[in-house]
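Below is one structure, written out as structure tokens; the observations come after it.
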Amino acid sequence: MSWSWRILAVVATLLLGAGDGRADDVTLKSGYALGAKSCGEAPLAFPRLRIDMKAGFCAGLVASRDDGLRFPRGIMQIPGHRQFVIADMGGWGHDDGRLLILDPAAPAGQRLREVITRLSYPFGLAAGPGGRIYASTDTSIFRFDPLAADPRATIETIIRDLPGRRLTLPDGTRLSESAHPLKAFAFDRTGRLFVNIGAPSDNCLSPAPITQPCAAGEGPSALAAIWLFTPPAGGVFAALKPGDPSPPHQVYARGLRNSMALALHPRFPDPGTAFLQGENARDLQDVFAPNEEINAIEQGRHYGWPYCYDLATPSPEFRRVLQSGTLKSFCTTASHYQQPWSLLPPHGAPLGMLYYTGDRFEELKGRLLVGLHGYRPTGSRLLAYEVDEHGFPKLSPAPVRYHVSCAAEPTRAFQTAAGPARAAAFDEIIVGWHRVNGIRPQGAPVGMTVADDGALWLVEDKNQTVIRIDRTGEAAPEPLPCDVRSDQLIDRLAALVMDNGASRARLATVRKTLVERHCSGCHSDFGLKAGQSDRDKDLAVLRFMLAQDGWIYPGDPESGRLRQRLRGLGAERQMPPGADLIKTEPGYAKLLDVADDLVARMVPGTRMRVKPGGPPHRKFFAADGRECGDIPFGKIVVVTERSAVNKPGFSRFFRPADTYLNGACTDDDGYYIQQQLLVPL
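The working numbering applies: residue -4 is where the sequence shown begins, and numbers increase by one.
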């Protein structure tokens, strides 16, 4: 049996489920195929997700988009109660956010209810002083009683007028959308409040050539910082009345691009105990640079943004600033700059971090857990660090390796411009969460919490889910195969575009006026390199877009994430961030239409729609009769044979690497659907 057929056999077995083996036992929720197995014990037994996990752990799906989740970002248990509070941003639209109550013991479909709506970017949640639940918007911190008859009526704002999505920078520049407006926050055990104040842009907005320090990161109200608010005697902040100013703040630490993950050791602020931050580092062209960071936060220290990244690599934009004046040799001077405690996998995007204080997982007791949200091959996982008696991750000498999903080189050593770097080694609780057609989508964990029974709970925003992690006595299943377009399929699609004059012209327009003008420095520069010919540039951009998970479905631009990100649709944040180019740049909206046309017409054939009416899904097949999956009505396919020669009564269509494949077929087989189920656009 060939390797490819062995993989298909494994996938088919998984799809049939480990129960009685019937395919009709599998249901789909938020892109996950759920069988008969559960994770946990009643009343907290939930359908088990097929996520690659460390032996002894399992993941159960508590709630999904079917329950009304839109963009969940934070979760915590209400102390002394079985219910949880969830911060659901709703997307990146303003005032779309909500706070929800989750009752995990309620019947499926009845576990969530809204308690507060019309919030701007709710993210952080904490049980704070006074026994209340505290939550954040982009500009405020407030507390409320989630179990009151009218929770909104119990809201008491304790901090207001924080730098939010709308900003005026020290040089007078006004921003209608800051790149990092969300407010993660944490209380220490004395009641002091630490709040993330994110950087307004990736690497400062100063125009080139830069000859002055970044004004946004300087001064008594610096951005890219952690602010400290100290409560009055008694340790509880007063509720602000209309017109009251916010309590004063200190810049506790600065030079931190975006502190979405904060973890205070349970004994902090005892001398020597850890206050840790997970840094979302700047964007660079390289998939494997720069590294993300774990920083050991100390009052008054500067952690590098925007001047340094990795351990001591100077940002090239600030070369002049770092050669003279007060910032001369900044990145190598310990009295000025505090290097990271440890590196994290590059572009992993740490959005959640906590110390495990429960009793359910003895092997995790006291460890630091870090969730990686990033969509690149280094993200989509949950890490566990062994720490010393003060809470700091234990460091190992170089080389220290980390895993890379679905890559020819499955591990890499931490590197900086100076060579291999020491770092804290880690275990992986969620080992890999890449997409596998018909079985699971790619995962993007955000907020985490430890329940009173010791179970781990997390929210995952890409697929709108709440997940509970529990113990299992079963052996860990074999890792699922990676599910991405093959190089051969990318070659085939690229040839169809490059050999068609109209498609090639659309591609060149997208590359010159969209990618090169607005996306430089992001997403590995789309594969563009110095010295390439125009044809090579076009091909590099096209191949990069085709290789990204879910960006493009040929013939159906509305289903791909590329269109959603460029236009800021649904829960997707508009890219590039920080500028509404559709409104401010003449011709930009038409340029996005050109990008849509490129995707719609890249495969020769007739675009048709799956016919509505009757069941919400339509089955499609391979030429030999194997069932390949179910596609919802309303989806667009490119029909290459209206009347398939080798399958009477069927049409052949081309929609490769589709989310609706069940794993039993490959793109090379071609897909067939009953003719009567397709209608013209």
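Glycine included, every Cβ here is placed at the ideal spot set by N, Cα and C.
Check                                                                                                                                                                                       : Outcome
Give a yes or no on contact between the segment 581 to 589 and the segment 617 to 630, applying the rule of three or more CB pairs nearer than 8 angstroms.                                 : no
Just the Cα atoms here: how many angstroms apart are residue 617 and residue 660?                                                                                                           : 7 angstroms
Assuming residue 501 is part of the alpha helix (DSSP H), what are its boundary residues?                                                                                                   : 496 to 505
So what does residue 462 bridge to, in DSSP terms?                                                                                                                                          : 56 and 453
For residue 648, I'd like the list of residues in its chain whose CB is within less than 7 angstroms of its CB, leaving aside the five on either flank, ordered along the chain.            : 632, 633, 634, 635, 666 and 668
Measuring CA to CA, which of 653, 504, 615 and 216 is closest to residue 543?                                                                                                               : 653
Once the 5 residues before and after residue 656 are set aside, which same chain residues still bring their CB inside 8 angstroms of it?                                                    : 432, 433, 623 and 624
Please report the straight-line C-alpha distance between residue 336 and residue 25, rounded to a whole angstrom.                                                                           : 37 angstroms
In this structure, what does DSSP give as the bridge partners for residue 137?                                                                                                              : 130 and 152
Suppose you measure from the CA of residue 705 to the CA of residue 480; what does that come to, to the nearest Å?                                                                          : Within the shown structure, residues of the chain are numbered from -4 to 676, placing residue 705 beyond reach of any answer.
Once DSSP output is grouped into helix, strand and coil, what is the label at residue 291?                                                                                                  : strand
Within 10 angstroms of the Cβ of residue 529, are there 16 or more other Cβ atoms? Answer buried if so, exposed if not.                                                                     : exposed
Under the rule that 16 or more other beta-carbon atoms within 10 Å means buried, what is residue 611, buried or exposed?                                                                    : exposed
What do you reckon, are the CB atoms on residue 165 and residue 210 nearer than 8 angstroms?                                                                                                : yes
Inspect the CB distances between the segment 71 to 85 and the segment 124 to 136 and report whether three or more fall short of 8 angstroms.                                                : yes
Helix, strand or coil for residue 206? Go by DSSP, reduced to three states.                                                                                                                 : coil
Just to confirm the assignment, what range does the alpha helix (DSSP H) spanning residue 493 have?                                                                                         : 482 to 493
Which value, in whole angstroms, describes the spacing of the CA atoms of residue 578 and residue 253?                                                                                      : 27 angstroms
If distances are taken between C-alpha atoms only, which option among 290, 401 and 158 comes closest to residue 244?                                                                        : 158
To the nearest angstrom, how far is it from the Cα of residue 640 to the Cα of residue 600?                                                                                                 : 15 angstroms
Does the beta-carbon of residue 684 have 16 or more other beta-carbons within 10 angstroms, so that it is buried, or is it exposed?                                                         : No statement about residue 684 is possible, as the shown extent of the chain runs from -4 to 676 and does not include it.
Distance check for residue 225 and residue 421, CA to CA, integer angstroms please.                                                                                                         : 34 angstroms
Check each candidate in 475, 474 and 446 and name the one with the smallest Cα separation from residue 464.                                                                                 : 446
Starting from residue 364, follow the beta strand (DSSP E) in both directions and report where the run begins and ends.                                                                     : 363 to 367
If you reduce the DSSP assignment to three classes, tell me which class residue 146 lands in.                                                                                               : helix
Please confirm if the segment 226 to 233 is in contact with the segment 247 to 262, defined as three or more CB-CB distances below 8 angstroms between the two stretches.                   : no
Relative to the C-alpha of residue 155, which residue among 238, 124 and 175 is closest?                                                                                                    : 238
Mapping the DSSP letters down to three states, classify residue 525 as helix, strand or coil.                                                                                               : coil
Which residue's Cα is closest to the Cα of residue 609: 424, 594 and 627?                                                                                                                   : 627
Give me, in chain order, the residues of the same chain whose beta-carbon lies closer than 7 angstroms to that of residue 674; leave out the 5 immediate sequence neighbours on both sides. : 603, 604 and 606
Any contact between the segment 331 to 351 and the segment 287 to 307? By contact I mean 3 or more CB pairs, one from each, below 8 angstroms.                                              : yes
What first and last residue would you give for the alpha helix (DSSP H) that runs through residue 68?                                                                                       : Taken as a continuous stretch (DSSP letters only), residue 68 belongs to no alpha helix (DSSP H), being part of the beta strand (DSSP E) at 67 to 72.
Determine, using beta carbons only, whether residue 677 and residue 217 come nearer to each other than 8 angstroms.                                                                         : With the chain running from -4 to 676 in the structure shown, residue 677 is simply not present.
Is it buried or exposed for residue 126, if we count other Cβ within 10 angstroms and need 16 for buried?                                                                                   : exposed
In three-state DSSP terms, what is residue 113?                                                                                                                                             : strand
Short of 7 angstroms in beta carbon distance, which residues of its chain neighbour residue 208, apart from the five on each side in sequence? Order them along the chain.                  : 316 and 322
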